[in-house]
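Trainee: Residue numbers (the numbering used here), protein chains in the order written: chain A, 173 to 496; chain B, 56 to 323.
Just dropping this structure here.
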């Protein structure tokens, strides 16, 4: 928790304009009105916390549900579903003519399209996965859905204008900024619903550690629990992808990092830990992405992988054993 | 055998088991009439592919029956909800658990899931039942070890402890002695017998250890190609039931020792 607070303040204090700590503190408690802090850096830091913790939780839910350490929102096609939804809204509007386009491409239509896309793809993966027993097959099916959506996106891109393409590509870089307080509130509400559903699933998640047959013999309603877990994941991953773009890697890596650090599979420990670790990592990645003291901001999507992947590799090599 | 007026916990009436395909039924075994008494250890034996697993899967509602009736505590199995059944019947399966990163205590504690609240918090009562299950299965020293650190025999004991913690009238185990050495096969079956006597639970297991089962079980269910017979091991031996268990070209049942031996004249 202490680490989180330190990261939070560090994140706010870093940026192209250097602002002394005193000003930051004063604007946070409301005595000074610093525009950059209140309308740019603070929303961005909060977004980073929501994005990191939310993606971590959705990755944890998927890994437990599919009993596969390779699972995550990306692998199972949730994010590619969201991408397809967004691509349809940004680029597909060309087909309907300019008048509707300007109405459609609001922040909200992107959010709704991304959520819907991710939910539909996850549902499709789930329906197919109920027919196959092999978990590896489910992952491959998820990758296939990813390929299909990628293909549809390329077809759309082919017919799109340069501005639309650019808009879509910039969305794909991922961005934690640009969220107004109003948007942040909506984001937080859906995030809270996702986390609440995850908390409701704690018992089911722990039971699933034994495998589905044992879970059923313990009186667990598999269908219902599975649906709640999937709703939680799509609410979290879908909204995050909608507001911040397809942030790579966090969903897969944070649960692994957390399991290694806390050495537990109990979700009552893992869930809060993943929330915390996810938030911290995202804040660190964002601080690096801003390239302190320079005017550039790197795409957050590149930074999460550049920083995160070596850390996971280092942990696995050092411990020599994967905890799952 | 003394005539104990025992309580019948599980009963089947002309049960048929098998698989449903799109058009047809594939019946694996039919006319199964068995009665399991409280506080007894029952062994289910039969050749590979005869339908032992199908029978156990049917009794545990993993797969639907084809015809006939199953009663648990004089209530039809179909009328049980998931949760009621979880409080009546616990399982030890052949499949390994999904996460081996649980400690033995956490694993056994998961047996309390049907009784805990929505978030799965354990009460003092739950903890004492878990401790008791751990003591009964002699795994007290392993309590804080992770499951991946255990040997196959230790793991099996932990799984039995988990089933005990579920506090059900019936425990069903699917081939609990596979992968174990001779000593641990005997150990596990002896443990199951002790548990049946001490906790007054009904324990049904399938096994290929016919010799051990004959020595340790109160009753046995023998599945052959033509019929499903049940009874006390001694009675089954005198009826010559075990002779019809396998094709007779290779091994013979010796009624004096209660075990199978290879036929000397056997040739392929």
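Backbone N, C-alpha and C define an ideal beta-carbon position, used for all residues, glycine too.
Given the structure is predicted, the values throughout are model-derived calculations rather than measurements.
#1: How would you list, in chain order, the residues of chain B whose beta-carbon sits under 9 Å from the beta-carbon of residue 379(A)?
#2: Less than 8 Å separating the beta-carbons of residue 359(A) and residue 291(A)?
#3: Going along the chain, which unbroken runs of the alpha helix (DSSP H) with 4 or more residues stay wholly within the segment 380–408 of chain A?
#4: Return the chain-ordered ranges of every beta strand (DSSP E) run that is complete within the segment 84–118 of chain B and spans a minimum of 3 residues.
#5: Which residue's Cα is closest to the Cα of residue 421(A): 410(A), 436(A), 447(A), 454(A)?
#6: Measuring only between beta-carbons, confirm whether residue 233(B) sits less than 8 Å from chain A.
#7: Against chain C, does residue 287(B) count as a neighbour if the rule is that its beta carbon must be under 8 Å from one of theirs?
#8: DSSP puts residue 316(B) in a beta bridge; with which residues?
#9: Using a threshold of 8 Å, state whether the C-beta atoms of residue 113(B) and residue 140(B) are closer than that.
#10: Which bits of chain A does residue 159(B) rub up against, with CB to CB less than 7 Å?
#11: How far does the alpha helix (DSSP H) with residue 287(B) in it extend, from its first residue to its last?
#12: Can you tell me which of 460(A), 467(A), 180(A) puts its alpha carbon nearest to the alpha carbon of residue 478(A)?
#13: Could you have a look at residue 271(A) and say whether DSSP puts it in helix, strand or coil?
#14: Where does residue 484(A) fall in DSSP's three states?
#15: So, is the C-beta of residue 375(A) closer than 8 Å to a C-beta in chain B?
#16: Looking at chain A, which residues of the segment 110–141 of chain B have a Cβ within less than 9 Å of any of its Cβ atoms?
#17: Just how far apart, CA to CA, sit residue 405(A) and residue 195(A)?
#18: Excluding sequence positions up to five away, which residues of its chain have a Cβ less than 7 Å from the Cβ of residue 82(B)?
#19: Taking the Cβ atom as the reference point for each residue, do residue 431(A) and residue 424(A) lie within a distance shorter than 8 Å?
#20: Which value, in whole angstroms, describes the spacing of the CA atoms of residue 463(A) and residue 488(A)?
#21: Measure from the C-beta of residue 239(A) to each C-beta in chain B and report whether the shortest distance is under 8 Å.
#22: Would you mind reading off the limits of the beta strand (DSSP E) that contains residue 123(B)?
#23: Taking just the CA atoms, how far does residue 370(A) sit from residue 186(B)?
#24: How about residue 267(B) and residue 225(B): are their beta carbons less than 8 Å apart?
#25: Thinking C-beta only, is residue 299(B) closer than 8 Å to residue 381(A)?
#26: Taking the beta carbon of residue 190(B) as the centre, do at least 16 other beta carbons fall within 10 Å, making it buried, or is it exposed?
#27: Helix, strand or coil: how does DSSP classify residue 351(A) here?
#28: Taking 8 Å as the cut-off, decide whether the C-beta atoms of residue 14(B) and residue 206(B) are in contact.
#29: Tell me the residue span of the alpha helix (DSSP H) that contains residue 242(B).
#30: In whole angstroms, what is the alpha-carbon distance linking residue 192(A) and residue 183(A)?
#31: So, for residue 387(A): in the same chain, excluding its five sequence neighbours on each side, which residues have a beta-carbon less than 7 Å away from its beta-carbon?
#32: So that I know if they touch, is there some Cβ in chain B lying closer than 8 Å to that of residue 366(A)?
#33: Quick check on this structure: which residue in 257(A), 437(A), 314(A), 296(A) has the alpha carbon closest to the alpha carbon of residue 288(A)?
#34: Among 219(B), 132(B), 278(B), which has the Cα closest to the Cα of residue 246(B)?
#35: Kindly list, in the order they appear in chain A, the residues whose Cβ is closer than 7 Å to that of residue 150(B).
#36: Just to confirm the assignment, what range does the alpha helix (DSSP H) spanning residue 252(A) have?
Mentor: According to the structure shown:
#1: 165, 168, 175
#2: no
#3: 384–389
#4: 90–92, 96–101
#5: 454(A)
#6: no
#7: No chain C appears in this structure, whose protein chains are A and B.
#8: 307(B)
#9: no
#10: Correct list: empty, because the minimum Cβ distance to chain A is about 13 Å.
#11: No alpha helix (DSSP H) contains residue 287(B), which DSSP labels as neither H nor E.
#12: 460(A)
#13: Legend: pLDDT at residue 271(A) = 47, less than 50; position of this residue unreliable, no value from coordinates given.
#14: helix
#15: yes
#16: 115, 116, 117, 136, 137, 138, 139, 140, 141
#17: 38 Å
#18: 71, 73, 121
#19: no
#20: 29 Å
#21: yes
#22: 122–127
#23: 30 Å
#24: no
#25: no
#26: exposed
#27: coil
#28: The question about residue 14(B) has no answer here: the residues shown for chain B are numbered 56 through 323.
#29: 237–254
#30: 13 Å
#31: 379, 380, 394
#32: no
#33: 257(A)
#34: 219(B)
#35: 383, 385
#36: 250–262
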